[in-house]
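Reading through the structure tokens given below for one structure.
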Amino acid sequence: MVNRKINGQEIKKPKKKNKVIIVITIIIILLVILAFIGSYLFMYNKKSTIKYENEIKEIAKQNDMALIDYEEEVENNTTWTYEELESKLIDKNKLINGTKITIVINDEIFNEGDSYTFVIGETKIDIYLNKTYTYKIFKEETEVIENKKEIIITIKDTTAPILDGVKDQTITVGDTIDLLKGITAKDDVDGEVEVKIEGEVDTQKVGTYKVKVYAIDKSGNQVEQEMTITVKKKATTTKPSTGTTTTKPSTNNNTSTTCKYTSLLKKRGYSSKDADACEKDRQSVAVAQQIANEILAKGYTTDYEKVRDAAEAVASNYDYNTHIEEGYDYRTPYGVFIKHAASCAGCTRALILVLELMGFTNLTHANENEWTHQWVILEMDGKKGFADGQVGSVGFGCYFNDDTCTE
99 MVNRKINGQE IKKPKKKNKV IIVITIIIIL LVILAFIGSY LFMYNKKSTI KYENEIKEIA
159 KQNDMALIDY EEEVENNTTW TYEELESKLI DKNKLINGTK ITIVINDEIF NEGDSYTFVI
219 GETKIDIYLN KTYTYKIFKE ETEVIENKKE IIITIKDTTA PILDGVKDQT ITVGDTIDLL
279 KGITAKDDVD GEVEVKIEGE VDTQKVGTYK VKVYAIDKSG NQVEQEMTIT VKKKATTTKP
339 STGTTTTKPS TNNNTSTTCK YTSLLKKRGY SSKDADACEK DRQSVAVAQQ IANEILAKGY
399 TTDYEKVRDA AEAVASNYDY NTHIEEGYDY RTPYGVFIKH AASCAGCTRA LILVLELMGF
459 TNLTHANENE WTHQWVILEM DGKKGFADGQ VGSVGFGCYF NDDTCTE
């Protein structure tokens, strides 16, 4: 290397060492710049990631709030459409727009337009909410946000079984009877259900007995109906003894041998053409008096109790199987008490006879001499009432097809 002189001084040329320092310095500066840029990009990515993660969490939280906690029991055989089920389990007002709904019932997809019928037991319903979320940091990204809820619905049974074949029956003293014969109970869940009877019938004693017929399914639902069993006297041709008769109607002092047809006999339904009307009336009065005496001996304190027993006693002497509407006897007390073959007219007159012997007055024969149902209208315990000697029914107020009656 040749040195040059300037103004007498020797100038030395730069060494290669200085060039290296310059290059290194430049590299360092570039690295610092790159580090700054990298740090900025890292912080930007981290900040953006946190922002979008929070947004994803908010979407998931919001959609989760749209899922309803359904805890009610559903009645057996209830049917829901897709729309009904969706409205009961999802609050769409809280749902993020664009969320896809998928409903699965017992592992099968439940689509729009479908319907589902619940049956006894439990039903599992899975609800999936899927929201597609798109975001961009350095490039566009897509994520599916899913919410899931499992709901177990319990199906209850509150429908009672249905009884069939329950009907009132009339038998004669001494007959045997199977109270459950012909009666069945069916349940929409359990099928055939056992039928039971509550109450007793004394087949050896005349009277009217009420028993309860009922059935209970496995869910405890009970159905019950009342059944009336009427035990009537056996038909007899023997004239009743008058030994227990204490009185006779004062208006009927005729004997069987010296008797004229009277207005009283006509009132009791006998015809002037019936030569034995007086004797038949005497026998009927004897039976009616015996019934009246037995009821009065019970010491009842209300009219209702007396009339009830009288109606039941008359009804026990009537037999639906021998209902007649011809001849002279069917419309008289004799047809009821002695022949046990009569109509509603005879039953009504027989009941009026018993009630008169018990001291009741102002008794009205409803629909007398008309071809329709007949009964007694009277006053009991200070109130208007009715008594039906054909079926043994007694009550207050209006009865049957009495168009003239007002409560």
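One gets this note's numbering by counting positions in the sequence shown from 1 and adding 98 to each.
Where a beta carbon is used, it is the ideal one built from N, C-alpha and C, also for glycine.
Would A373 be called buried (16 or more neighbouring beta carbons within 10 Å of its own) or exposed? Locating residue 373 in the sequence shown gives position 275, where the first residue counts as 1. Result: exposed.
Straight-line Cα distance separating E423 from A439: Counting from 1 along the sequence shown, the entry for residue 439 is found at position 341. Counting from 1 along the sequence shown, the entry for residue 423 is found at position 325. Taking the straight line joining both Cα atoms gives about 9 Å.
Are the CB atoms of L449 and V489 within a distance shorter than 7 Å? If you number the sequence shown from 1, residue 489 lands on position 391. If you number the sequence shown from 1, residue 449 lands on position 351. Between V489 and L449, the C-beta spacing is not below 7 Å.
Let me check one thing: in DSSP terms, what residues is N245 bridge-paired to? For this step, residue 245 is matched to residue 147 along the sequence shown. For N245, the pairing in a beta bridge is given by DSSP as L227.
When we look at the beta-carbon of E410 and count the other beta-carbons within 10 Å, is it buried (16 or more) or exposed? As a working note, residue 410 is residue 312 in the sequence shown. Classification for E410: buried.
Between the CA atoms of V329 and I269 - distance to the nearest angstrom: In the sequence shown, residue 269 corresponds to position 171, counting from 1. In the sequence shown, residue 329 corresponds to position 231, counting from 1. Taken atom to atom, the span from the alpha-carbon of I269 to that of V329 is near 5 Å.
Own chain residues within Cβ distance below 8 Å of L461, not counting five before or after: On the sequence shown, position 363 is the one that residue 461 refers to. Hits under 8 Å: I450, L453, E454, V474, I475, L476.
Helix, strand or coil: which one does DSSP assign to S370? Walking along the sequence shown from the start, residue 370 turns up at place 272. S370 sits in coil when the DSSP states are folded into three classes, being neither helix nor strand.
Quick check: the Cα distance between E220 and K155, rounded to an integer number of angstroms? Residue 220 sits at position 122 when you count from the first residue of the sequence shown. Residue 155 sits at position 57 when you count from the first residue of the sequence shown. Going by the C-alpha atoms only, they are around 33 Å apart.
Cβ neighbours of G263 in the same chain (closer than 7 Å, five flanking residues each side left out): If you number the sequence shown from 1, residue 263 lands on position 165. So the qualifying residues of the chain are G280, I281, T282.
With a cut-off of 8 Å on the beta carbons, I'd call T123 and N161 a contact; round off their distance for me. Indexing the sequence shown from 1 puts residue 123 at position 25. Indexing the sequence shown from 1 puts residue 161 at position 63. Contact flag wrong, Cβ pair sits at about 57 Å.
Which residue's Cα is closest to the Cα of K294: L261, D407, G493, V121? Translated into the one-based positions of the sequence shown, residue 294 becomes position 196. Taking only the C-alpha atoms, the option nearest K294 is L261.
Take the Cβ of S185 as the centre, count every other Cβ of all protein chains shown within 10 Å, and call the residue buried at 16 or more, exposed below. The residue given as residue 185 occupies position 87 in the sequence shown. With fewer than 16 other beta carbons inside 10 angstroms of its own, S185 counts as exposed.
Given a threshold of 16 other Cβ atoms within 10 Å of its Cβ, counted over all protein chains shown, does N152 qualify as buried or as exposed? Taking the first residue of the sequence shown as 1, we reach residue 152 at position 54. Using a 10 angstroms sphere on the CB of N152, the tally of other CB atoms stays under 16, which defines it as exposed.
Of the residues E171, Y150, I135, M163, which one's Cα is nearest the Cα of I188? Here residue 188 is taken as the residue at index 90 of the sequence shown, counted from 1. Nearest to I188 by C-alpha distance, out of E171, Y150, I135, M163, is M163.
Tell me where the alpha helix (DSSP H) around I450 begins and ends. In the sequence shown, residue 450 corresponds to position 352, counting from 1. Taken as a continuous stretch (DSSP letters only), the alpha helix (DSSP H) holding I450 covers 442-455.
By Cβ distance below 7 Å, which residues in the same chain neighbour A158 in space, the five residues on each side in sequence not counted? Residue numbering aside, residue 158 sits at position 60 when the sequence shown is read from its first letter. So the list reads I243, N245, once near-sequence residues are dropped.
Which one of I148, S369, K482, M456 has the shortest CA to CA distance from K234? Along the sequence shown, one-based indexing puts residue 234 at 136. Nearest of I148, S369, K482, M456 to K234, Cα basis: I148.
To which residues of the same chain is S369 closer than 6 Å at the C-beta, ignoring the five residues directly before and after it? As a position in the sequence shown, residue 369 is number 271, starting the count at 1. Counting only Cβ-Cβ distances below 6 Å, and skipping sequence neighbours, we find Y426.
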